[in-house]
Amino acid sequence: MVALLTPTILVVVVAVGLMASFDADVLRRHLVDTTETTARVVADYSSADLAFGSRAESQAELSRFVQDARMLAVALYDARGDLFSSWARDVAPQPALEKRLSRAVERPAVHQTPAAIEVWMPVVQDEEHFGTAYVRASTAEIVVRQRAHLATLLLLGLLLAGLGVLVAFVAQRVVSQPILRLSAAAEHIALHRDYAARIPSGGTREIRTLTASLNGMLAAIEQHQRERDAAVAEAGRHADNLELRVRERTADLEASNRELEAFSYSVSHDLRAPLRAIQGFSRLLLEEHGRRLDDEGRDFVRRMAAAAERMDRLILDLLEYGRLGKKATEIEAIDLDAVVDDAVRHVGDLLAERRADVRIEHPLGRARGHHATLVQALVNLLSNAAKFVQEGVDPVVRVVATRPQPTLVRLAVNDNGIGIAREHHDRVFQLFERLHDSSRYAGTGVGLAIVKRAVERMGGRVGLESETGQGATFWIELPVA
Amino acid sequence: MPFSSTSLALRSLIALAIVASVASARAADGRVYDEARVKAEFVERFCRFVDWPDEAFVTPAAPFVIAVLGKDPVGAALRDVAGHHTVKGRRVVLLESASVAEAAGAHVVWVSGEGLIDLDALLDRTHGRPVLTVAGAPGAAERGVLINLRRDGPYVRFDINLSEVQASGLRFSSKLLRLGDIVGPDAGVPR
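Protein sequences appear in the order of chains H and U.
Residue numbers for the first sequence follow my numbering, so the first one is 1 and each next one is one higher.
Residue numbers for the second sequence follow my numbering, so the first one is 1001 and each next one is one higher.
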């Protein structure tokens, strides 16, 4: 606003200043003209007075030439330059008239000072020079006019400045305030995400347009938001639906899983009957008719019996595995010392046969679990420890309990066996994963799967630390009782 | 222009009211000259305030002729005064001791004391013609001389026979009329 007004004020001030200067110039020129004319009239009219020495008449007449109030003094000088007659206005002090002209006046001469204009006019009649007329005029009027101009200039400047302030004030009311209102409304909307709010219209046309645009934008945002909310709700419904379907599907799967387990259990169970027949008859064959067979024949029959036994073992393991999946296990506080003792007793024959040295670091403490299930798992671990050793090495098995966390008990079975390469650690707990040729190490490939399943049924974890040839440590973690 | 049309009456009143103001043996510049010299200057200066009609000059280059009827100091002084001046842009020719006939053909005639004898003869010839007759004798203006000089204390003043002036066809400057005293039939008439 100021930037807009300043040039305007400047232009007006310069214009008025120029006008004042021009006016003063014109006034001064005009005054010079008037003074010259007066001097010419005096000179013309006074020629006879000078020519014939009519001093008294001249003296009486001079004042009549100066009815113009600006004329301060009139004088006549004779041909020799001596003062002939004079008249001076009785006003503010003015310089005394020269008694004798200090200059020769051949032609009209004008001398301007800030305060006065002086004119010397030769008095000539028919080419004869009789003297000089002198007129002095005051420029006070011009000074007064200039002061008046200056006052006008100041007044105009003040007026314009006032106008500027007024315009700025009005502009603020018309432009700034609606913009501030707009800004406040926008801030409120941005802060509270209140897209339902609308900005009140007002102000200039541009601001009303802007307000309308913003309100339109808000309406669009609100609409989008509504649509998004609807979409989210729809998606939620879909998700619920999906969850329901997943549950249904899971139930289906569980049902078919149960069916499958039941099927495999009955199959395994039913498979044992013919297997017993094979075992029984092969034993009878060996016992009753062994002598009729040659050595090769007896070896075949023995192999057949061993295979049947291995198959029976496998079926039993599978049944056990299946049972673990089916059986509900009741979790309670159990005495780990008793569990380990029971397990050792179960595999006592094997341990004795392998001349294993079993060291149990009592007391092992208590944990939450299922006694029989944990015994089953430990039996598998202990028998593995006794079986997987280098030929000619007596197994040394240690059973210890540690507390990796205050709420956990870790039961570890450590052996001095052949160990398991690190890359196989993930596989050993899976069903039918055998790392070794069954001719060197007896086993069905189900044992560790049973251990994992049994421990997980009790809410625990199993794990393994081992390197090839360094022995192995299998551990079971259960919650502290 | 305050004086262009101010009433003649007022101006004549002022002129008449001033008694002791006109030049005398004491000239305008303040220096003291003998009376003859001052009067000679007056004669010369009257020429500056009087206009002659064109027919007063035979040719455009014709000289301006001043004649002295008879002889006296003023006539002699005119030799100095007029000799080195031009009047109306014309060379000045001074005819001293002119006859009546010679004087009647001049533009200005100074009637000397000696010439007063022939005054009437001269005036007979110059009446109604553009000849400026100037004398310095009491009553000369009343007799028909256009301008008559007279002493008034230390000053020289002059009377003007206005009716003769008007008859002559000469044009007197108002400035001159203002300073002179009007005599003759028009005396007291506003100029």
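Using N, Cα and C, we set each Cβ at its ideal position, and we do this for glycine too.
- Excluding its 5 nearest sequence neighbours in each direction, H:Asp-44 has no C-beta neighbour in its own chain below 6 angstroms.
- Per DSSP, H:Ile-142 has no beta-bridge partner at all.
- Minimum Cα-Cα distance from H:Val-340 among the listed residues H:Asp-299, H:Pro-108, H:Thr-373, H:Ala-104 corresponds to H:Thr-373.
- Taking 7 angstroms as the threshold, the shortest C-beta distance from H:Ser-54 to chain U falls below it.
- CA-CA distance, U:Lys-1071 to U:Ala-1077, rounds to 11 angstroms.
- Judged by DSSP secondary structure, U:Tyr-1155 falls within the beta strand (DSSP E) whose first and last residues are 1155 to 1161.
- Taking 7 angstroms as the cut-off, the Cβ atoms of H:Pro-178 and H:Gly-202 count as close.
- Using a Cβ distance threshold of 7 angstroms, H:Gly-369 and H:Leu-478 count as a contacting pair.
- In the three-state DSSP reduction, U:Pro-1063 falls in the coil class, being neither helix nor strand.
- H:Asp-394 carries a coil assignment under DSSP once its states are collapsed to helix, strand and coil.
- Taking C-alpha positions only, H:Arg-272 is separated from H:Asp-317 by approximately 12 angstroms.
- Note on U:Ile-1117: under 16 other CB atoms within 10 angstroms of its CB, so exposed under the neighbour-count rule.
- Taking 9 angstroms as the Cβ-Cβ cut-off, the segment 9 to 39 of chain H approaches chain U at Thr-37, given in chain order.
- The DSSP-derived three-state label of H:Val-135 is strand.
- Look at U:Phe-1049: its C-beta is under 7 angstroms from a C-beta on chain H.
- A straight-line Cα-Cα distance of about 16 angstroms links U:Phe-1042 and U:Asp-1051.
- H:His-224 and H:Ile-207 have their C-alpha atoms roughly 25 angstroms apart.
- Close to U:Val-1087, with beta-carbon spacing below 8 angstroms, are these residues of chain H in chain order: Asp-126.
- The Cβ atoms of H:Leu-314 and H:Ala-343 do not sit closer than 7 angstroms to each other.
- Around the beta carbon of H:Asn-380, 16 or more other beta carbons sit within 10 angstroms, so the residue counts as buried.
- Check the Cα spacing between H:Ala-356 and each of H:Ala-109, H:Gly-365, H:Asn-384, H:Ala-219: the tightest is with H:Asn-384.
- Under the three-state reduction of DSSP output, H:Arg-80 falls in the coil class, being neither helix nor strand.
- Contact of U:Phe-1172 with chain H by beta-carbon distance below 9 angstroms is absent, the smallest such distance being about 10 angstroms.
- A straight line joining the alpha-carbon of H:Ser-58 with that of H:Ser-85 spans about 6 angstroms.
- Beta-bridge pairing by DSSP links H:His-111 to H:Glu-118.
- Contact check for H:Gly-419 and H:Gly-463: beta-carbon distance about 15 angstroms, past the 8 angstroms limit, so the pair fails to qualify.
- Annotated three-state conformation of U:Pro-1073 is helix, per DSSP.
- Assignment of H:Ser-466 by DSSP, reduced to helix, strand and coil, places it in the strand class.
- A straight-line Cα-Cα distance of about 31 angstroms links H:Ala-412 and H:Tyr-265.
- Contact residues of the segment 50 to 82 of chain H toward chain U are Leu-50, Ala-51, Phe-52, Gly-53, Ser-54, Arg-55, Ala-56, Glu-57, Ala-60, Arg-64, Phe-65, Gln-67, Asp-78, Ala-79, Arg-80, Asp-82 (C-beta to C-beta distance below 7 angstroms).
- Spanning the alpha carbons of U:Glu-1055 and U:Asp-1034 requires a straight line of approximately 36 angstroms.
- As summarised for the segment 306 to 378 of chain H, the continuous beta strand (DSSP E) elements at least 3 residues long and confined to that stretch are 332 to 335, 357 to 360, 366 to 369, given in chain order.
- For U:Leu-1122, no Cβ of chain H is located within less than 7 angstroms of the residue's own Cβ.
- No residue range can be given for H:Ala-481, since it is assigned to no beta strand (DSSP E) and is classified by DSSP as neither H nor E.
- Below the 7 angstroms Cβ cutoff, chain H contributes Phe-52 as neighbours of U:Phe-1042, in chain order.
- Residue-level contact check: H:Ala-104 does not touch chain U, since none of the beta carbons of chain U fall below 7 angstroms from its beta carbon.
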